[in-house]
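S.K.: Heads up: the protein sequence lines correspond to chains S and Z, in order. Just so you know, we're using UniProt numbering here: the first sequence kicks off at 1 and counts up by one. Just so you know, we're using UniProt numbering here: the second sequence kicks off at 1 and counts up by one. Note that the Cβ used here is the ideal one computed from N, Cα and C, for glycine as well. So that we are looking at the same thing, I have put the structure below in structure tokens.
Number of protein chains: 2
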Amino acid sequence: MLNERKIAVIGFGSIGRTFVRLLTAKSHYIKKLAELRVVAVADSKGMVLKPSGFSDYELIKLCELPLSGLRSLPESLDLDIDLLYSEVQPDIHVELTPANYETGEPGLSNIVNAINNHAHVVTANKAPLALRFSELMDLARKNEVKIGFRSTVMGGTPLIDMLLSIRSYSVESIHGILNATTNFMLTEMHEKLIPMEEALRRAQAIGIAETDPRLDLDGWDSAAKIVILSNVVRREIKLQNVIREPLKVELSDIAECLRNNNVIKYVAALEPDGKAYVKPMKLSRRDPLAGVDGTLNAVRIGTTIGEITLVGKGGGRIETAHNVLDDVIGVML
Amino acid sequence: MLNERKIAVIGFGSIGRTFVRLLTAKSHYIKKLAELRVVAVADSKGMVLKPSGFSDYELIKLCELPLSGLRSLPESLDLDIDLLYSEVQPDIHVELTPANYETGEPGLSNIVNAINNHAHVVTANKAPLALRFSELMDLARKNEVKIGFRSTVMGGTPLIDMLLSIRSYSVESIHGILNATTNFMLTEMHEKLIPMEEALRRAQAIGIAETDPRLDLDGWDSAAKIVILSNVVRREIKLQNVIREPLKVELSDIAECLRNNNVIKYVAALEPDGKAYVKPMKLSRRDPLAGVDGTLNAVRIGTTIGEITLVGKGGGRIETAHNVLDDVIGVML
Numbered sequence: 001m002l003n004e005r006k007i008a009v010i011g012f013g014s015i016g017r018t019f020v021r022l023l024t025a026k027s028h029y030i031k032k033l034a035e036l037r038v039v040a041v042a043d044s045k046g047m048v049l050k051p052s053g054f055s056d057y058e059l060i061k062l063c064e065l066p067l068s069g070l071r072s073l074p075e076s077l078d079l080d081i082d083l084l085y086s087e088v089q090p091d092i093h094v095e096l097t098p099a100n101y102e103t104g105e106p107g108l109s110n111i112v113n114a115i116n117n118h119a120h121v122v123t124a125n126k127a128p129l130a131l132r133f134s135e136l137m138d139l140a141r142k143n144e145v146k147i148g149f150r151s152t153v154m155g156g157t158p159l160i161d162m163l164l165s166i167r168s169y170s171v172e173s174i175h176g177i178l179n180a181t182t183n184f185m186l187t188e189m190h191e192k193l194i195p196m197e198e199a200l201r202r203a204q205a206i207g208i209a210e211t212d213p214r215l216d217l218d219g220w221d222s223a224a225k226i227v228i229l230s231n232v233v234r235r236e237i238k239l240q241n242v243i244r245e246p247l248k249v250e251l252s253d254i255a256e257c258l259r260n261n262n263v264i265k266y267v268a269a270l271e272p273d274g275k276a277y278v279k280p281m282k283l284s285r286r287d288p289l290a291g292v293d294g295t296l297n298a299v300r301i302g303t304t305i306g307e308i309t310l311v312g313k314g315g316g317r318i319e320t321a322h323n324v325l326d327d328v329i330g331v332m333l
Numbered sequence: 001m002l003n004e005r006k007i008a009v010i011g012f013g014s015i016g017r018t019f020v021r022l023l024t025a026k027s028h029y030i031k032k033l034a035e036l037r038v039v040a041v042a043d044s045k046g047m048v049l050k051p052s053g054f055s056d057y058e059l060i061k062l063c064e065l066p067l068s069g070l071r072s073l074p075e076s077l078d079l080d081i082d083l084l085y086s087e088v089q090p091d092i093h094v095e096l097t098p099a100n101y102e103t104g105e106p107g108l109s110n111i112v113n114a115i116n117n118h119a120h121v122v123t124a125n126k127a128p129l130a131l132r133f134s135e136l137m138d139l140a141r142k143n144e145v146k147i148g149f150r151s152t153v154m155g156g157t158p159l160i161d162m163l164l165s166i167r168s169y170s171v172e173s174i175h176g177i178l179n180a181t182t183n184f185m186l187t188e189m190h191e192k193l194i195p196m197e198e199a200l201r202r203a204q205a206i207g208i209a210e211t212d213p214r215l216d217l218d219g220w221d222s223a224a225k226i227v228i229l230s231n232v233v234r235r236e237i238k239l240q241n242v243i244r245e246p247l248k249v250e251l252s253d254i255a256e257c258l259r260n261n262n263v264i265k266y267v268a269a270l271e272p273d274g275k276a277y278v279k280p281m282k283l284s285r286r287d288p289l290a291g292v293d294g295t296l297n298a299v300r301i302g303t304t305i306g307e308i309t310l311v312g313k314g315g316g317r318i319e320t321a322h323n324v325l326d327d328v329i330g331v332m333l
């Protein structure tokens with residue numbers, strides 16, 4: 001039996017709530033590993049603290065608040081991460097704020113703050129890692145804490161752990177379909193011959209695309225993921241050096257592809273020469289990535305001793321929440 | 001900089017030699033992690049010990065001996081694992097002896113001996129784990145040592161580490177093509193319409209099938225692998241309960257499959273109800289396993305939050321040696 005661990009959940013949108021619900025649902029299983037107590041929950045507008053830990057019932061009630069609704073509670077405080085750390089001293093910081101690829105904020109400052117306070121970090125927010133991967137890893141090493149980030153890429157598939165376990169040989173190239181929204185749209189376009197705008201509306205209707213889908217369609221999401229994967233395999237590249245070509249596909253392009261037995265996919269890649277890009281590409285039907293449809297993700301990894309292909313879920317709330325929880329368990333062990 | 005680690009290499013056939021050569025080739029890289037010294041090398045007939053560690057030159061000379069040739073050296077001793085442990089006290093025991101699925105020996109006794117002597121174990125020999133998985137893991141936990149075994153299944157692909165990282169959800173089923181020899185044979189039969197005997201001769205000619213191929217063709221190798229994978233995901237099954245149907249495919253079966261757009265694959269599986277089997281199966285061309293050809297391996301993992309498919313190299317000497325080395329690094333860290 002391990003000791004008590006105090007956990008702070010920063011970011012309380014759909015992923016944050018799904019994660020907190022999962023924690024309560026799995027509390028019996030988690031108790032075998034550690035006494036895990038949620039001592040802080042914060043959204044963009046407010047935060048609630050409880051040094052002794054919220055009960056499962058209290059956590060579920062929090063999940064029923066409207067989005068950004070923590071401040072409506074009488075006990076709510078203004079969001080203040082310094083105050084949070086001084087009041088409840090969390091051991092594990094779970095960062096589930098949205099990605100901002102210009103500044104990395106608020107995730108970047110939150111994570112730096114957590115590490116400097118000697119808390120382990122688990123993040124599903126890609127932006128801080130995509131912008132400052134090696135600095136954050138160095139800072140974590142110096143403070144003897146871990147950073148879990150398996151949910152940042154292929155959120156439903158434990159790819160990162162597989163890559164981290166490769167040590168005696170090298171990864172030379174990565175080719176992936178890493179964004180579920182755009183892959184769903186392209187699959188719809190190929191199968192139903194609908195224009196891109198209509199495919200986007202369908203993705204929004206089933207809840208996989210954001211109301212503002214630009215992070216997906218402009219390639220930021222895929223670019224951040226290829227940067228994270230590349231850094232994991234010790235190929236350091238920078239987000240600003242990833243060539244991003246936004247997804248813009250006409251129905252006539254799709255029709256031409258179908259005639260030639262090709263498929264258009266939105267591919268994120270690291271090439272052996274270090275060039276990294278995100279762009280729509282025509283793939284032959286024989287390409288292992290060509291058959292990866294809908295919200296599936298896939299990655300083809302070229303190593304000095306051969307190729308590995310992994311296909312699995314790209315994300316989804318419950319899948320991402322499970323991977324966040326697996327990271328929380330991982331940093332505790 | 002970590003401390004000095006003493007390593008014993010038990011089993012000195014083709015994998016053992018490839019591993020020792022890789023150690024010498026990578027010695028510069030390994031030095032950054034630890035001072036790794038090979039203090040014992042043993043084959044089925046003899047052993048050589050050097051408490052201060054063999055030099056890279058001495059190791060390469062050992063690799064040039066004929067198979068089972070250690071005893072020809074003047075300093076060679078009769079194989080005696082107890083004597084080996086009392087003389088050189090290795091920290092890491094690398095077990096590369098051949099698999100015996102009846103008794104597990106000599107690997108099983110060697111591994112138990114190593115653990116009882118508080119050495120970490122890295123094994124590419126599947127039989128001890130396939131026969132005594134949970135006992136060996138319990139014994140290792142009790143003695144506070146690790147067992148690395150990533151090279152036992154899909155030797156060229158870090159599948160085991162990925163599965164070990166799944167903690168908060170469950171694996172419900174596994175379907176795999178886990179034996180490279182039989183998959184190569186079946187691919188040759190489909191592509192060149194040759195009989196099974198001829199396909200076997202070709203596999204032997206290119207060095208991927210043993211002179212005695214029964215462990216592959218009777219399904220023992222695949223069965224051992226499905227047992228190890230199942231136990232890794234906490235689905236405990238026993239080797240004797242895996243239903244094994246030997247690979248016996250006629251050219252007429254292949255012809256019929258080709259007419260119906262199917263493929264015959266030698267599939268190892270764990271079903272949700274706990275049933276495990278190895279048998280030739282007709283797969284539709286749309287099945288993700290159907291396109292896995294030649295010496296590639298693949299595994300489709302059904303989890304409570306979706307499916308993961310991994311395709312990569314099944315084995316090969318250098319690939320397996322790399323995975324053994326990655327395990328050695330893993331147990332040291």
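Should isoleucine 177 (chain Z) be flagged as near chain S, meaning a C-beta pair shorter than 8 Å?
M.R.: Here residue 177 (chain Z) corresponds to residue number 177 of the second sequence, with the count starting at 1. It does not: the Cβ of isoleucine 177 (chain Z) has no partner Cβ on chain S nearer than 8 Å.
S.K.: Could you give the distance in angstroms between the alpha-carbon of valine 9 (chain Z) and the alpha-carbon of alanine 99 (chain Z)?
M.R.: Within the second sequence, the letter at position 9 stands for residue 9 (chain Z). Within the second sequence, the letter at position 99 stands for residue 99 (chain Z). Here the alpha carbons of alanine 99 (chain Z) and valine 9 (chain Z) stand approximately 16 Å from one another.
S.K.: What did DSSP end up calling methionine 281 (chain Z) once you bin it into helix, strand or coil?
M.R.: Taking the second sequence and counting its residues from 1, one reaches residue 281 (chain Z) at position 281. Correct three-state label for methionine 281 (chain Z): strand.
S.K.: With a threshold of 6 Å on Cβ separation, who are the neighbours of threonine 123 (chain Z) within its own chain once the five nearest residues in sequence on each side are excluded?
M.R.: What you label residue 123 (chain Z) is simply residue 123 of the second sequence in a count that begins at 1. So the qualifying residues of the chain are Glu95 and Phe149.
S.K.: Quick one: residues in its chain with C-beta nearer than 7 Å to the C-beta of aspartate 161 (chain S), no 5 flanking neighbours on either side, listed in chain order?
M.R.: Within the first sequence, the letter at position 161 stands for residue 161 (chain S). Hits under 7 Å: Arg150.
S.K.: Give me the chain S residues within the contact set of threonine 157 (chain Z), using Cβ-Cβ distance strictly less than 9 Å, ordered along the chain.
M.R.: Position 157 of the second sequence, counting from 1, holds the residue named residue 157 (chain Z). Per Cβ cutoff of 9 Å: Met162, Gly306 and Ile308.
S.K.: Let me see if you follow: with CB-CB separation under 8 Å, is methionine 1 (chain Z) close to chain S or not?
M.R.: Residue numbering aside, residue 1 (chain Z) sits at position 1 when the second sequence is read from its first letter. Note that methionine 1 (chain Z) scores a pLDDT of 45, beneath 50, so its modelled location is shaky and nothing firm can be said.
S.K.: Counting only the same chain and skipping the five closest in sequence on each side, list residues whose C-beta sits under 7 Å from that of valine 242 (chain Z).
M.R.: By one-based count along the second sequence, residue 242 (chain Z) stands at place 242. Here the set comprises Ala223, Ile226, Val227, Ala276, Tyr277 and Val278.
S.K.: Should isoleucine 308 (chain S) be labelled buried (16 or more other beta-carbon atoms within 10 Å of its own) or exposed?
M.R.: Taking the first sequence and counting its residues from 1, the one referred to as residue 308 (chain S) is at position 308. Counting other Cβ atoms within 10 Å of its Cβ, isoleucine 308 (chain S) reaches 16 or more and is therefore classed as buried.
S.K.: What are the complete beta strand (DSSP E) segments, minimum 3 residues, inside the region 279-317 of chain Z?
M.R.: Every beta strand (DSSP E) stretch that sits fully inside the region 279-317 of chain Z and reaches 3 residues is listed by chain position as 296-303 and 306-313.
S.K.: Which of helix, strand or coil does DSSP assign to alanine 269 (chain Z)?
M.R.: By one-based count along the second sequence, residue 269 (chain Z) stands at place 269. Looking at alanine 269 (chain Z) - three-state DSSP - the assignment turns out to be strand.
S.K.: At the level of alpha carbons, what is the spacing between valine 20 (chain Z) and aspartate 287 (chain Z)?
M.R.: Position 20 of the second sequence holds residue 20 (chain Z). Position 287 of the second sequence holds residue 287 (chain Z). Valine 20 (chain Z) and aspartate 287 (chain Z): Cα-Cα distance of roughly 39 Å.
S.K.: Which same chain residues, not among the five before or five after methionine 47 (chain Z), have their C-beta less than 8 Å away from its C-beta?
M.R.: Along the second sequence, one-based indexing puts residue 47 (chain Z) at 47. Within the same chain, methionine 47 (chain Z) has close Cβ partners Ala40, Val41, Leu70, Ser76, Leu77, Asp78, Leu79, Asp80 and Leu84.
S.K.: My parser needs the alpha helix (DSSP H) runs of 4 or more residues fully inside the region 21-85 of chain S; what are they?
M.R.: As far as the region 21-85 of chain S is concerned, its whole alpha helix (DSSP H) runs of at least 4 residues are 27-31 and 56-63.
S.K.: For glutamate 144 (chain S), name the three-state secondary structure that DSSP assigns.
M.R.: Walking along the first sequence from the start, residue 144 (chain S) turns up at place 144. Glutamate 144 (chain S): coil per DSSP, three-state reduction.
S.K.: List the residues of chain S whose Cβ lies closer than 8 Å to the Cβ of glycine 312 (chain Z), in chain order.
M.R.: Reading the second sequence from its first residue, position 312 is the one you call residue 312 (chain Z). Within 8 Å Cβ-Cβ: Gly306, Glu307, Ile308 and Thr309.
S.K.: Does DSSP put glutamate 95 (chain Z) in a helix, a strand or coil?
M.R.: The residue given as residue 95 (chain Z) occupies position 95 in the second sequence. Looking at glutamate 95 (chain Z) - three-state DSSP - the assignment turns out to be strand.
S.K.: Taking Cβ to Cβ, would you say asparagine 143 (chain Z) is nearer than 8 Å to tyrosine 266 (chain Z)?
M.R.: Position 143 of the second sequence holds residue 143 (chain Z). Position 266 of the second sequence holds residue 266 (chain Z). No. Outside cutoff.
S.K.: Determine the direct distance from the alpha carbon of glycine 219 (chain S) to that of valine 292 (chain Z), and round the result to whole angstroms.
M.R.: The residue you call residue 292 (chain Z) lines up with position 292 of the second sequence. The residue you call residue 219 (chain S) lines up with position 219 of the first sequence. Taking the straight line from one Cα to the other gives about 31 Å.
S.K.: Under three-state DSSP, which class holds serine 109 (chain Z)?
M.R.: Working through the second sequence from its first residue, we reach residue 109 (chain Z) at position 109. DSSP places serine 109 (chain Z) in helix when its eight states are reduced to three.
S.K.: What's the C-alpha gap between proline 128 (chain Z) and threonine 97 (chain Z)?
M.R.: Mapped onto the second sequence, residue 128 (chain Z) falls at position 128. Mapped onto the second sequence, residue 97 (chain Z) falls at position 97. Computed Cα separation, rounded: 10 Å.
S.K.: Lysine 26 (chain S) touches chain Z at which residues, Cβ-Cβ below 8 Å?
M.R.: Counting from 1 along the first sequence, the entry for residue 26 (chain S) is found at position 26. Chain Z residues near lysine 26 (chain S): Ser168.
S.K.: Per DSSP, which residues does valine 171 (chain Z) bridge with? Please list them.
M.R.: Reading the second sequence from its first residue, position 171 is the one you call residue 171 (chain Z). DSSP output for valine 171 (chain Z) lists Z:Thr303 as bridge partner(s).
S.K.: Would you say leucine 270 (chain S) faces chain Z, with C-beta separation under 8 Å as the test?
M.R.: Taking the first residue of the first sequence as 1, we reach residue 270 (chain S) at position 270. Not one chain Z Cβ lies under 8 Å of leucine 270 (chain S).
S.K.: In angstroms, rounded to a whole number, what distance separates the CA positions of methionine 1 (chain Z) and serine 168 (chain S)?
M.R.: The residue given as residue 1 (chain Z) occupies position 1 in the second sequence. The residue given as residue 168 (chain S) occupies position 168 in the first sequence. Reliability fails at methionine 1 (chain Z), whose pLDDT of 45 lies under 50, so the model's placement of it is uncertain and no value is given.
S.K.: Check this for me: beta carbons of leucine 49 (chain S) and glutamate 102 (chain S), under 8 Å apart or not?
M.R.: As a first step, residue 49 (chain S) must be located in the first sequence, where it is residue number 49. As a first step, residue 102 (chain S) must be located in the first sequence, where it is residue number 102. Not a contact, by the Cβ cut-off of 8 Å.
S.K.: Mind checking isoleucine 147 (chain S): buried by the 16 CB within 10 Å criterion, or exposed?
M.R.: The residue labelled residue 147 (chain S) in the question sits at position 147 within the first sequence. In the assembly as shown, isoleucine 147 (chain S) is a buried residue. Its beta-carbon has 16 or more other beta-carbons within 10 Å.
S.K.: For a contact defined as C-beta to C-beta under 9 Å, what are the partners of aspartate 326 (chain S) on chain Z?
M.R.: Walking along the first sequence from the start, residue 326 (chain S) turns up at place 326. Near aspartate 326 (chain S) (Cβ distances below 9 Å), the residues of chain Z are Ser165, Ile166, Arg167, Ser168 and Tyr169.
S.K.: Where does proline 272 (chain S) land, buried or exposed, given buried means 16+ other C-beta within 10 angstroms?
M.R.: Within the first sequence, numbered from 1, the residue matching residue 272 (chain S) stands at position 272. Proline 272 (chain S) comes out exposed.
S.K.: For glycine 155 (chain Z) and glutamate 319 (chain Z), which I take to be in contact (beta-carbon distance under 8 Å), what is that distance rounded to the nearest angstrom?
M.R.: If you number the second sequence from 1, residue 155 (chain Z) lands on position 155. If you number the second sequence from 1, residue 319 (chain Z) lands on position 319. At roughly 6 Å, the Cβ-Cβ gap stays under 8 Å, so glycine 155 (chain Z) and glutamate 319 (chain Z) are in contact.
S.K.: Express the C-alpha separation of proline 51 (chain Z) and isoleucine 325 (chain S) in angstroms, rounding to a whole number.
M.R.: Along the first sequence, read from residue 1 onward, the residue named residue 325 (chain S) stands at position 325. Along the second sequence, read from residue 1 onward, the residue named residue 51 (chain Z) stands at position 51. Note that residue 325 (chain S) is leucine in the sequence shown, not isoleucine. The straight-line gap from Cα to Cα measures roughly 45 Å.
S.K.: Would glutamate 245 (chain Z) count as contacting chain S if we go by Cβ distances under 8 Å?
M.R.: Your numbering for residue 245 (chain Z) matches position 245 in the second sequence. Judged by the 8 Å Cβ criterion, glutamate 245 (chain Z) is not in contact with chain S.
S.K.: Return no unless some Cβ of chain S is closer than 8 Å to the Cβ of histidine 93 (chain Z).
M.R.: As a working mapping, residue 93 (chain Z) is identified with position 93 in the second sequence. Judged by the 8 Å Cβ criterion, histidine 93 (chain Z) is not in contact with chain S.
S.K.: Could you check whether leucine 229 (chain Z) and isoleucine 174 (chain Z) sit closer than 8 Å to each other, using their CB atoms as the reference points?
M.R.: For the purposes of this step, residue 174 (chain Z) is taken as residue 174 along the second sequence, with counting starting at 1. For the purposes of this step, residue 229 (chain Z) is taken as residue 229 along the second sequence, with counting starting at 1. Yes.
S.K.: I need the straight-line Cα distance from leucine 108 (chain S) to methionine 332 (chain S), nearest angstrom please.
M.R.: Translated into positions along the first sequence, residue 108 (chain S) becomes position 108. Translated into positions along the first sequence, residue 332 (chain S) becomes position 332. Using only the alpha carbons, I get a separation of about 22 Å.
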